[in-house]
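Engineer:
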Amino acid sequence: MAESVQRMPGDERLSSGDGRIHVFGIRHLSPAGAYHLRAFLDEIRPQVVLVEGPSDAGDLIGQIASRGVVPPIAILAYTDQLPVRTLVFPLASYSPEYQAFLWAAENGVRAEFIDLPSDAAVTLQAARRASAGLEQTDREEGPAADRESGQTGRQDALAERRAFYRRQNELYERVAELAGETDYDSYWERHFEHSPSKEAYRHAIERFSAEMRELLEQEERAYDPREASYNAVREAYMRRQIRQALDTVGPSDRIVVVTGAHHVSAMDLALPAMSDEELRTLPRSSTKLTLMPYSYYKLSVQSGYGAGNQAPAYFERLWDCLNRQDAARLPSLYLSQVALSLRESGTHRSTASVIEGVRLAESLASLRGGSMPTWGDLRDAAVVSLGFGDLSSVAEALARADIGTAIGALPEGVSQTPIQDDLNRHLKRLKLEKYKSAVAADLELDLRENRRVKSEEAAFLDLHRSVFLHRLALLDIDFARQQKIRQDAATWAEHWVLQWTPEAEIQAVESTLKGETVELAAAFVLHERLEGCADLSEASRIIRLACQCGLPKAMEEARLTLQRLAVDAGDFAQIAAAANELSILIRYGDIRKVDTSSFVPLLQQLFLRGTLLLVDAAVCSDEAAGGMVTGMNEMHRISQEHPEEVDDERWLAELWALASRDDRNAKLSGFAFAILLERNLISPDQCSQEVSRRLSPGIPAELGAGWFEGVSMRNRYALLSRSGLWQQLDEYIASLEDEAFLRSLVFLRRAFGSFEPREKASIAETLGVLWGLDGQGAAEQLQEPLSEDERGKLDELNDFDFGDF
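Here it is, written out as structure tokens:
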């Protein structure tokens, strides 16, 4: 394979640069590459350092190399129009690119990016993904048939793309196999990361680049023309940038080009560069650039970052050892970290086990002809010596040693979008900076005033935190997730889980299109929702969101929208849901320091409209009855909690009307009856008469059992205490013919399915007493497991012909 390479990419190749161009190939996250690059720069002493990266991000290089920047960080390019597309260029402390910028800053040398500008790169990548079926195209927004066909085509393209990557991975794995390694990462680390000198590293990269490119072109199964075309455009542009850099330096000045290993053999100035005409024809989308903190998890391949590595924390440890010129200590440091993590979790491992692990890893390296263990060797040794052969027992400790929880940081003044600056200011003001971590943490909030502090800001700190976190949630910034809490504290307490991720930073940047501050962006989102809102319950939810987000103007806008929609509203369930949202807001608005007086007339209007619609809306199927039951619960709750604001007597009158009607859904009539029973508005005689009427032999089984199901959906204790009801139910079931019994059994099983075991036991005891038996004994007998014969009979019900009902 080496003999087939016609021209090697050494300095002599770049004859048009008169020996002034020096190409240094790297892997984007290579500690050895960073270490040898710095030594190479010290030797060459170039006047310009050119780095593969978005050429329009040159203004950020000085900030990247400034004090206070803590890698990992990333350059984020994003389109400033919808749909938002992004391009991320991550950097770790051991990234060769990052070290090149530091060296340039330390030595007063100019550093520039030379890859495609972000406006062209993001557009070409989107087009490439769309052609591969990885991104939705405009064709898929046509008629239904076209969409279905487009979806099928997209799935086929996805399958083809995945198959290509599998074939390409197979090629790389074959290279590793030929080198006697178990996987490609071990091959790369042993032959490149453990390279002893900058010359060996550099020339190995050059040879690797030329031969792998030729091999990929020969392997048609592993050759993707889309990827090749995209790289060809990038490389032509980088050659153009190198030529332009040559024109800006003196005749004896030197330039170092830092580029990925794959592109080294293409940095030959004898090859054509991109022309002015070709540059003008590049498709572009307007973009903006910013810096953002990144995380080691995101750098790892565990999160899907294609240019990442599996163990960023491990490679940072390798970088530190290289700088101390003590790489031999890496195995003991790594295994000691694993042992420490095990001890912190309560699993003790001795120093002797660590020493044995180091010896084992070094033996594994020797067997493969290596000078020191690779990450794979160390993991194998950890499983054997610290996990005693069980990977699961050391998996968490290995993850901490391999990936870690590091997250980058940027100082104030470093280029960020306005909304990022605003977000960081709020995190500092609300004392939430410590939660900007890759590790999830709980935050309990008490929205009530803290009277033990002096300042108003401190007194309402948790309330201000709540407002801020609700705004982030509204913007879909995945920093905070609200959790459910116990009901008795729901009025004043909130429980959040906070965890910062690079995705959250990207989501914050994308929110710049909605407003320059978190508050303005949240208000914009609510305004957008209201503009397209035609749903009563959605409008009421927006009112509540606006309250939680502390946006009074949005609340008023939502109130006017809800009032307009309420004029023609005719859906009982939606009216009840909207009224319930207003009820919650009115009851607890004072905790959030919100004036809710303007919502009281609207609540009265919605409650009256829902009350008048109740009986007519009860003409519905059992499927629709579920939403009606929820709405009736909400309406009744409002009547209890706002007796002075709403007409409770009118509501009870409508419940009486529904409970007595035979031409409405039987379940809903039963549910209305249960509410009245719970309010002690039904006397024992009235209860007996209604039960007798509803559960008489002349009533169809599904109606009688359906009515009882509705009754059982409210206060169980009110039912369990009425033995007369159970006696009449018992007599009703005994009076049914076989076919009617089977029909009623389906409904009754559904009704009793939601009863708790102790409630079922109480019913069984009541029935035992009615039958003249020992109540407790009857309860035990009735709750015994079913026999096989009984199970078989119940299974037959699955095939029972229930007719048209």
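Quick note on numbering: the sequence shown equals residues 12 to 816 in the working numbering. We treat Cβ as the ideally placed atom computed from N, Cα and C, and that holds for glycine.
1) Flag this pair as yes or no: are the beta carbons of S356 and L397 separated by less than 8 angstroms?
2) Return the residue from the list E776, E467, E720, F471 that minimises the CA-CA distance to D457.
3) Starting from F682, trace the alpha helix (DSSP H) both ways and give me its first and last residue.
4) Could you have a look at S699 and say whether DSSP puts it in helix, strand or coil?
5) Please state whether the Cβ-Cβ distance between A589 and A557 is less than 8 angstroms.
6) Decide if the region 46 to 62 is in contact with the region 262 to 270; the criterion is three or more beta carbon pairs, one per stretch, under 8 angstroms apart.
7) Run through DSSP, which three-state label would D487 get?
8) Grouping DSSP H, G and I as helix and E and B as strand, with all else coil, what is K299?
9) Taking 6 angstroms as the limit between beta carbons, can you name the residues of its chain near Y195, skipping five residues before and five after?
10) Identify which residue in Q493, S41, K525 has its Cα closest to the Cα of Y212.
11) According to DSSP, simplified to helix, strand and coil, what is R201?
12) In chain order, what residues of the same chain have a beta carbon less than 7 angstroms from the beta carbon of T298, not counting five sequence neighbours either side?
13) Per DSSP, F124 is paired with what?
14) Run through DSSP, which three-state label would R459 get?
15) Relative to the C-alpha of R237, which residue among D658, V405, R139 is closest?
16) Along the beta strand (DSSP E) that carries A85, what are the first and last residues, could you check?
17) Going straight from the alpha carbon of R476 to that of A43, what length do you get?
18) So, helix, strand or coil for R335, using DSSP?
19) Beta-carbon separation of M249 and D126 under 8 angstroms?
20) Quick check: what's the CA-CA separation for R463 versus A469?
21) With a CB to CB cut of under 7 angstroms and the five nearest residues on each side skipped, what residues in its chain are close to R295?
22) At 4 residues or longer, what runs of the alpha helix (DSSP H) sit wholly inside the region 532 to 603?
23) For I430, write down the residues that DSSP places opposite it in a beta bridge.
24) So for E799, helix, strand or coil by DSSP?
25) What does DSSP give as the partner residue(s) for H33 in the beta ladder?
26) Could you pull out every residue in the same chain whose Cβ sits closer than 7 angstroms to the Cβ of E656, ignoring the five residues on either side in sequence?
27) What's the C-alpha gap between P654 and D627?
28) Give me the Cα-Cα distance between G79 and E181, rounded to the nearest whole angstrom.
29) Only counting runs of 4 or more residues, tell me where the alpha helix (DSSP H) segments fall wholly within the region 355 to 410, in order along the chain.
30) Counting C-beta neighbours from all protein chains within 10 Å, is the total for R150 16 or more, i.e. buried, or is it exposed?
31) If you measure between the beta carbons of L389 and P342, is that distance less than 8 angstroms?
32) Would M278 and A247 qualify as a contact pair, given that the criterion is a beta-carbon distance under 8 angstroms?
33) On the three-state DSSP scale, how would you describe H39?
34) Hey, A111 and A122 are a contact pair by Cβ (cut 8 angstroms); roughly how many whole angstroms apart?
35) Keeping to the same chain, check which residues put their C-beta closer than 6 angstroms to that of M724; ignore five residues upstream and five downstream.
36) From the DSSP output, in three-state form, read off L280 for me.
Structural biologist: Per the coordinate set shown:
1) Translated into the one-based positions of the sequence shown, residue 356 becomes position 345. Translated into the one-based positions of the sequence shown, residue 397 becomes position 386. Cβ distance not < 8 angstroms, so S356 and L397 don't count as in contact.
2) Numbered from 1 along the sequence shown, position 446 holds the residue referred to as residue 457. Per the Cα distances, F471.
3) Numbered from its first residue, the sequence shown carries residue 682 at position 671. F682: member of the alpha helix (DSSP H) spanning 677 to 689, first to last residue.
4) Along the sequence shown, read from residue 1 onward, the residue named residue 699 stands at position 688. Correct three-state label for S699: helix.
5) Position 578 of the sequence shown, counted from the first residue, corresponds to residue 589. Position 546 of the sequence shown, counted from the first residue, corresponds to residue 557. In this structure, A557 does not lie closer than 8 angstroms to A589 by Cβ.
6) Using a C-beta cut-off of 8 angstroms, the region 46 to 62 makes contact with the region 262 to 270, since at least three inter-stretch Cβ pairs fall below that distance.
7) By 1-based counting over the sequence shown, the position of residue 487 is 476. In this structure, DSSP gives D487 a state outside helix and strand, which the three-state scheme calls coil.
8) The residue given as residue 299 occupies position 288 in the sequence shown. Three-state result, K299: strand.
9) The count along the sequence shown starts at 1 and reaches residue 195 at position 184. Y183, E184, A187, listed in sequence order.
10) Within the sequence shown, residue 212 is the residue found at index 201, counting from 1. For Y212, the nearest C-alpha among the options comes from S41.
11) Residue numbering aside, residue 201 sits at position 190 when the sequence shown is read from its first letter. It is helical.
12) For this step, residue 298 is matched to residue 287 along the sequence shown. A88, Y89, T90, D91, S129, D130, V133.
13) Counting from one through the sequence shown, the residue named residue 124 turns up at place 113. Listed as beta-bridge partners of F124 by DSSP are V62.
14) In the sequence shown, residue 459 corresponds to position 448, counting from 1. Coil, per DSSP.
15) In the sequence shown, the residue the question calls residue 237 occupies position 226. Looking at the Cα atoms, R139 is the closest of the given residues.
16) In the sequence shown, counting from the first residue as 1, residue 85 sits at position 74. Under the DSSP assignment, A85 falls in the beta strand (DSSP E) whose first and last residues are 84 to 90.
17) For the purposes of this step, residue 476 is identified with residue 465 of the sequence shown, where counting begins at 1. For the purposes of this step, residue 43 is identified with residue 32 of the sequence shown, where counting begins at 1. C-alpha separation (whole angstroms): 44 angstroms.
18) The count along the sequence shown starts at 1 and reaches residue 335 at position 324. Three-state DSSP puts R335 in coil, outside helix and strand.
19) The residue you call residue 249 lines up with position 238 of the sequence shown. The residue you call residue 126 lines up with position 115 of the sequence shown. Yes.
20) As a first step, residue 463 must be located in the sequence shown, where it is residue number 452. As a first step, residue 469 must be located in the sequence shown, where it is residue number 458. Counting only the Cα atoms, A469 lies some 9 angstroms from R463.
21) Sequence index remark: in the sequence shown, residue 295 carries index 284 (1-based). Counting only Cβ-Cβ distances below 7 angstroms, and skipping sequence neighbours, we find D130, A131, T134.
22) Unbroken alpha helix (DSSP H) stretches of 4 residues or longer found wholly inside the region 532 to 603: 547 to 559, 563 to 577, 583 to 599, given in chain order.
23) Within the sequence shown, residue 430 is the residue found at index 419, counting from 1. I430 has no beta-bridge partner at all, per DSSP.
24) As a position in the sequence shown, residue 799 is number 788, starting the count at 1. Residue state, collapsed to three classes: helix.
25) As a position in the sequence shown, residue 33 is number 22, starting the count at 1. The partner list for H33 (beta bridge, DSSP) reads V267.
26) Within the sequence shown, the letter at position 645 stands for residue 656. Excluding the 5 residues flanking it on each side, E656 has same chain C-beta neighbours closer than 7 angstroms at V611, L614, Q615, in chain order.
27) In the sequence shown, counting from the first residue as 1, residue 654 sits at position 643. In the sequence shown, counting from the first residue as 1, residue 627 sits at position 616. If I take the Cα positions, the gap works out to 24 angstroms.
28) Indexing the sequence shown from 1 puts residue 79 at position 68. Indexing the sequence shown from 1 puts residue 181 at position 170. The alpha-carbon atoms of G79 and E181 are separated by roughly 42 angstroms.
29) For the region 355 to 410, the full-length alpha helix (DSSP H) segments reaching 4 residues or more read 362 to 378, 386 to 396 along the chain.
30) In the sequence shown, residue 150 corresponds to position 139, counting from 1. Note on R150: pLDDT 32, under 50, position unreliable in the model; the coordinate value appears next. Using a 10 angstroms sphere on the CB of R150, the tally of other CB atoms stays under 16, which defines it as exposed.
31) The sequence position of residue 389 within the sequence shown is 378, counting from 1. The sequence position of residue 342 within the sequence shown is 331, counting from 1. Yes. Within cutoff.
32) On the sequence shown, residue 278 is found 267 positions in, with the first residue counted as 1. On the sequence shown, residue 247 is found 236 positions in, with the first residue counted as 1. Not in contact: M278 and A247 (Cβ atoms no closer than 8 angstroms).
33) What you label residue 39 is simply residue 28 of the sequence shown in a count that begins at 1. In the structure shown, H39 sits in coil (DSSP, three-state: anything other than H, G, I, E or B).
34) As a first step, residue 111 must be located in the sequence shown, where it is residue number 100. As a first step, residue 122 must be located in the sequence shown, where it is residue number 111. In this structure, A111 and A122 form a Cβ contact; the two beta carbons are roughly 7 angstroms apart against a cut-off of 8 angstroms.
35) Walking along the sequence shown from the start, residue 724 turns up at place 713. Cβ neighbours of M724 beyond the five flanking positions: F682.
36) Residue numbering aside, residue 280 sits at position 269 when the sequence shown is read from its first letter. Of the three classes helix, strand and coil, the one that applies to L280 here is coil, per DSSP.
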